[in-house]
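Student: Below you'll find the structure I mean.
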Amino acid sequence: MYNNALNLLSILILISSFVLIANKRQNSYISTFRFQSLLLASISLLVSIRGMLVHKKFDEVFIIFLLIVLFKVILIPMVLKRTSQKVEYTVEKDFFINIPISMLICGGLVVLSWYVIYSIEGITNLDTKNYLIYSMSVVMIGLFFMISRKKAIGQIVGFLVIENGMFLAAMLTTEGMPMFVEFGLFFDLLTAFLIMGIFVFKINDTFESIDINKLKNLKG
Amino acid sequence: MIFAFLAIPVIAGGLVWITKNKTVIHLTNLIGALLILISSIAALIEINKFKAVTSTGIFKDLFYIDSLSGYILLITTLAFFLVSLFSISYFGEELKRNVITLKKLKLYYSLSNAFVLAMILALITQNMGVMWIAIEATTLASAFLVGFYNNKRSIEAAWKYLIICSVGIAFAMLGIILLYYSSTITQVGNKISGLNWNFLLQNASSLDPSILKIAFIFILIGFGTKVGFSPMHTWLPDAHSQAPSPVSALLSGVLLNTAIYGIIRVLSIVNTCLGNNNYTGNLLLLLGILSIATAAMFVLVQQDYKRILAYSSIEHMGIIALGLGICTPVSIFAAMYHTFNHAMTKSMLFLATGNVYLKYHTKKIAGIRGLIKTMPVTGIVFVLGVFAITGMPPFGIFMSEFSTVVGAIQSKKYIIAMLLLLFLAVIFAGFVKQISKMFYGNNPNSEIEKGELDFISSSVLIVLLCIIIFVGIYIPAPLKSLMDACTEIVLGGI
């Protein structure tokens, strides 16, 4: 029952990253990211409640749940929306590779992750294997999303999706890394997000656009 | 002891904001850098007595400094001290010309302290998770340093640096999660120690080899992005060439070593678990040769002297990777020795480019002639530095490259040795062809007056030159025993 629920939720996270690839506009990326973080939050809630029931004491994963809700579901999407409204926004087509082909490539990435994880003999637990496949696929799709979008905002969303995949992997395969590591990770990624946000404004000021295609002065 | 490492940069970075007197700002930072250098030497003395420095109390399992981390720590703090000294004249000059404001100077000092703090944290912790966090934090702290001048080029470089390194390092996190997973399924122990490299190394034989193999690939790619191994090196030439020269010196001389340190720790765990170095060795040899080859190709066509030096950093990281990949005592000793030589030589060269840039206002090789006549000290240091970095005797880099080749031949890796020598020759030719134009002839621009920047910057360059010549001729006994201890640790000893 518990494992089925986790499986279902992590499959939904994988599907939500496909939805992300299918999105055409910046604002819909942000909503999809919020939805994906909500799914991640519900996984962490489930893991923490189970931990509390089994061990009969407060489970630290619950704090991670609160952090994910506070930052990834509420604050980061809000800041991103505000950023994307402030910076110049004219290019309608924001992708290099068209969407059907992107979907096919992402399907290929899932198969690749499946192949890689199944070739590791040491992972004997079938559920863990599946969770690793889902989370690695999310990481790969996030990476693909970053390289296939032209706008700086798209790259930030891709980065956030990659870290969602990492959190998924950490939470499900090892039932949470040690607490201070998770905190540090969260803090690091939050800072990375803030710095990237600042750089979006800087790019917008100096290049009068956030089109990454214009960043082509340095070569060789 | 350990808190000194963490507290000094925080205090020094914070104190610069209190005052408006620029001499006091420079001095605060310099004293902070000197104190960290002293603490790292003190740590090394303690390691010499007790093998390792550990912490007590609630952070008992978190911090651990042994010879290897102490050695890289020494390089880091020494380079930071010399760079801080140089920054006084470099940024003092820029302040005089109103290129930067006083606020920017304070920002530079705070960020460079944060940058060094992150590197120190990566070195003194034994927790892989914290190490990852610290290495990611180095990217964040230095992103603004790379984009310091806020012009088109530097912002582009900073954005690339930020994105490529953050994404690359995400893969290292996946690798660390797998490492942790392998320790949780085989070991009882408490949760936190499952991420400690010391614990993993001691229990390496009971970890699962197939998980470790895949974890190593992820970590090699992840930290390798930060090291600048080809083909993940694309951020490196941009960031190194666009950052202010003191920052370039830190990025190239110190940061790359910190990232390679992360790889070394995992390397020794995986090698101990697998019982041999075939797997990790082949991967490292491949990446190493690829990096050296890439550097050789690009050195031939560069027109920007800082970019040439950046590509040369990729080459030298490749040589260190070869040393680690061959994995015999000789080659690992060579890799350790090379780390020191490269850090000092490359810092010297980047600092020299700082002087050149302030004088000529261009990064193009074509715009610079008659360097030795215009700036005698910088010019001569630069010439000798170019010879040192391309591996001419009697400098340290010659010795360590030579030992790497010897190591390769001893372990019958003739093709590796041959390719290494070939690419080294190409790189030497490239350097001479490109850079030598800068030194001779007459300065075409008569507005540039002769003379050095000031006494401090020249003396830093001369000190660094003395270090690399001295270490090339004779390795002092304490340094040698330190490097021997490091070699033992890389080979799996504790």
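If you're matching them up, the sequences are chains B and Z in order. For the first sequence, my numbering begins at 2 and goes up steadily by one. For the second sequence, my numbering begins at 3 and goes up steadily by one. The beta carbon of each residue, even a glycine, is placed where N, CA and C say it ideally should be.
Taking the alpha helix (DSSP H) that B:K82 falls in, what are its first and last residues?
Tutor: Note, B:K82: alpha helix (DSSP H), I77 to K87.
Student: Within 8 angstroms of any Cβ in chain B, is that where the Cβ of Z:M133 sits?
Tutor: Closer than 8 angstroms: no.
Student: Short check: CB of Z:T347 to CB of Z:I74, under 8 angstroms?
Tutor: Their beta carbons are not under 8 angstroms apart, which means Z:T347 does not touch Z:I74 by this criterion.
Student: Considering just the uninterrupted stretch of the alpha helix (DSSP H) at Z:R309, what are its terminal residues?
Tutor: Here the alpha helix (DSSP H) through Z:R309 covers Y307 to I328.
Student: Where do the N-terminal and C-terminal ends of the alpha helix (DSSP H) with B:V48 fall, by residue?
Tutor: Looking at the DSSP string, the run of the alpha helix (DSSP H) that includes B:V48 is Q27 to H56.
Student: Using 8 angstroms as the threshold, is the C-beta distance between Z:F93 and Z:I38 below it?
Tutor: Not in contact: Z:F93 and Z:I38 (Cβ atoms no closer than 8 angstroms).
Student: Taking Cβ to Cβ, would you say Z:T406 is nearer than 8 angstroms to Z:L324?
Tutor: It is a contact, given that the beta carbons lie within the stated cut-off.
Student: Quick check for students: name the residue ranges of the alpha helix (DSSP H) that lie wholly in the stretch 379-414 of chain Z, counting only runs of 4 or more.
Tutor: Segments of the alpha helix (DSSP H) lying fully in the stretch 379-414 of chain Z: 398-412.
Student: Determine, using beta-carbon pairs with one atom in the stretch 233-249 of chain Z and one in the stretch 157-166 of chain Z, whether at least three such pairs fall under 8 angstroms.
Tutor: Yes, the stretch 233-249 of chain Z touches the stretch 157-166 of chain Z.
Student: Could you tell me the boundaries of the alpha helix (DSSP H) in which Z:S461 lies?
Tutor: Its alpha helix (DSSP H) spans residues F457 to I475.
Student: Regarding B:S32 and the ligand FAD, is the C-beta to nearest heavy atom distance less than 7 angstroms?
Tutor: Absent from the structure shown: the ligand FAD. Ligands present: none.
Student: State the start and end residues of the unbroken alpha helix (DSSP H) segment that holds Z:Y111.
Tutor: Z:Y111 -> alpha helix (DSSP H) spans L104 to I126.
Student: With the cut-off set at 8 angstroms, would you say Z:L466 and Z:S349 are in Cβ contact?
Tutor: Yes, the pair counts as a contact, with Cβ atoms nearer than the cut-off.
Student: Just checking my contact of Z:V388 with Z:F433 at CB under 8 angstroms: how many whole Å lie between their CB atoms?
Tutor: Confirmed, about 6 angstroms.
Student: Considering only DSSP beta bridges, list what Z:I67 is partnered with.
Tutor: Z:V55.
Student: Relative to the C-alpha of Z:L113, which residue among Z:I67, Z:L253, Z:G170 and Z:F225 is closest?
Tutor: Cα-wise, what sits closest to Z:L113 is Z:L253.
Student: So, using beta-carbon positions, are Z:L463 and Z:A390 closer together than 8 angstroms?
Tutor: Contact: no.
Student: From Z:I382 to Z:P395, what distance separates their C-alpha atoms?
Tutor: So the two alpha carbons sit approximately 16 angstroms from each other.
Student: Work out the CA separation of B:F97 and B:K151 for me, nearest whole Å.
Tutor: Cα to Cα, the separation comes out at about 7 angstroms.
Student: For Z:T186, which residues in chain B fall below 7 angstroms Cβ to Cβ?
Tutor: Under the 7 angstroms cutoff, chain B gives T175.
Student: For Z:E158, which residues in chain B fall below 7 angstroms Cβ to Cβ?
Tutor: Near Z:E158 (Cβ distances below 7 angstroms), the residues of chain B are L216, N218 and L219.
Student: Which class does Z:N205 belong to by DSSP, given the choice of helix, strand or coil?
Tutor: DSSP places Z:N205 in coil when its eight states are reduced to three.
Student: Grab me the residues of Z:F425's own chain with a C-beta within less than 7 angstroms of its C-beta, minus the 5 sequence neighbours each way, in chain order.
Tutor: Cβ within range, chain order: I294, A295 and A298.
Student: Here's the rule I'm using: 16 or more other beta-carbon atoms within 10 Å means buried, otherwise exposed. How should Z:P446 be labelled?
Tutor: Exposed, since its Cβ has fewer than 16 Cβ neighbours within 10 Å.
Student: Counting only Cβ-Cβ distances shorter than 8 angstroms, please list the residues of the stretch 295-328 of chain Z near chain B, keeping chain order.
Tutor: Answer set for the stretch 295-328 of chain Z: F300, V303, Q304 and R309.
Student: Threshold first: 4 residues or longer. Then list the alpha helix (DSSP H) segments lying entirely within the stretch 128-214 of chain Z, N to C.
Tutor: Listed in chain order, they are 130-148, 154-188 and 199-204.
Student: Quick check on this structure: which residue in Z:G255, Z:G226 and Z:S57 has the alpha carbon closest to the alpha carbon of Z:I262?
Tutor: Out of Z:G255, Z:G226 and Z:S57, Z:G226 has the C-alpha closest to the C-alpha of Z:I262.
Student: Roughly how many whole angstroms lie between the Cα atoms of Z:K2 and Z:A217?
Tutor: Summary: the structure shown does not reach residue 2 of chain Z, with chain Z confined to residues 3 through 496, and so no result is reported for it.
Student: Which term fits B:I100, buried or exposed, when burial requires 16 or more other beta carbons within 10 angstroms of its beta carbon?
Tutor: Label assigned to B:I100: exposed.
Student: What residue from B:L7, B:A23, B:F208 and B:I16 has the CA that sits closest to B:G155's CA?
Tutor: If we check each option's Cα against that of B:G155, B:A23 comes out closest.
Student: Can you tell me whether DSSP reads B:D212 as helix, strand or coil?
Tutor: Strand.
Student: What is the DSSP secondary structure of B:F97, reduced to helix, strand or coil?
Tutor: Reduced to three states, the DSSP call for B:F97 is coil.
Student: Check the C-beta distance from Z:I316 over to Z:S232 and give it rounded, since I have them as a contact under 8 angstroms.
Tutor: Yes, Z:I316 and Z:S232 are in contact; Cβ-Cβ is about 6 angstroms, under 8 angstroms.
Student: Since Z:W161 meets chain B, which of its residues come closer than 7 angstroms, beta carbon to beta carbon?
Tutor: Residues of chain B passing the Cβ test: F200, I204 and L216.
Student: Out of Z:G495, Z:I370 and Z:A143, point me to the one whose CA is closest to Z:S448's CA.
Tutor: Nearest option by C-alpha distance: Z:I370.
Student: Identify which residue in B:T175, B:S45, B:G52 and B:L68 has its Cα closest to the Cα of B:I124.
Tutor: Nearest option by C-alpha distance: B:T175.
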